[in-house]
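Notes to accompany the following structure.
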Amino acid sequence: MEEQPQKLEFTDTEFDKIRGEAETLYKTFGAVHCPYFGEKINFNTDGLEHLKFKSWNRARSKNDQFMRLKLLRLAPETIRNSKTLQGVFEDKLFVRKKKNKRWEKTLTDVTYYEFVAVLGRKRVKVIVKQILGGEKFFWTLIPYWRTNDLHKRILHEGNPELD
1189 MEEQPQKLEF
1199 TDTEFDKIRG
1209 EAETLYKTFG
1219 AVHCPYFGEK
1229 INFNTDGLEH
1239 LKFKSWNRAR
1249 SKNDQFMRLK
1259 LLRLAPETIR
1269 NSKTLQGVFE
1279 DKLFVRKKKN
1289 KRWEKTLTDV
1299 TYYEFVAVLG
1309 RKRVKVIVKQ
1319 ILGGEKFFWT
1329 LIPYWRTNDL
1339 HKRILHEGNP
1349 ELD
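Using the working numbering, the letters of the sequence shown correspond one by one to residues 1189 to 1351.
So, in structure tokens, the structure goes:
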């Protein structure tokens, strides 16, 4: 039997405060140098939107958003200190792109790079996304993960696009 994640207790006011602070903080990040890639990783609007939405027009639960936004300050530090890649996931996805003043979905190669860090007493995983031919950018931050009965890590649902 799989253990359910601990339920967080917070008010709507606390949620709105954390969300507002995280959005303000995110705008200050810009680009962060990653030693593993030897290049800068951008913090664009896609990453912030993914912290709040699982997919286009489908919001994450408030608990999920709260934990990710509360730990957002650890994302640049994780990237800045990452000298080792913990995982790579490649996929083909339909990506929304503006073409001739219209939004179109195009099947495109996408690569996700996984960096894990323990900063202070917080354990996080940061995912960097790269769409074929584009720059690498921050995609998401996944807070503390659980282990199953066999003591194997359950890091995410298995789909970095949604996690």
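Every residue, glycine too, gets a C-beta built ideally from N, C-alpha and C.
query, result
"Ordered along the chain, which non-local residues of its own chain (more than five positions away) have a Cβ less than 8 Å from that of residue 1276?", "1299, 1300, 1301, 1302"
"Whose C-beta lies closer than 6 Å to the C-beta of residue 1214 among residues of the same chain, with five residues either side of it excluded?", "1236"
"For residue 1189, is the classification buried or exposed, using 16 other Cβ atoms within 10 angstroms of its Cβ as the cut-off for buried?", "Only weak support is given to the placement of residue 1189: the predicted model assigns it a pLDDT of 40, under 50, and the question is left unresolved by the model."
"Can you tell me the Cα-Cα spacing of residue 1326 and residue 1312, whole angstroms?", "14 Å"
"Assign residue 1214 to one of three DSSP states: helix, strand, or coil.", "helix"
"Report, in whole angstroms, the separation of the C-beta atoms of residue 1329 and residue 1262, which I expect to be a contact under 8 Å.", "7 Å"
"Assuming the contact rule is C-beta atoms closer than 8 Å, residue 1257 and residue 1207 should be a hit. Round their C-beta distance to whole Å, please.", "6 Å"
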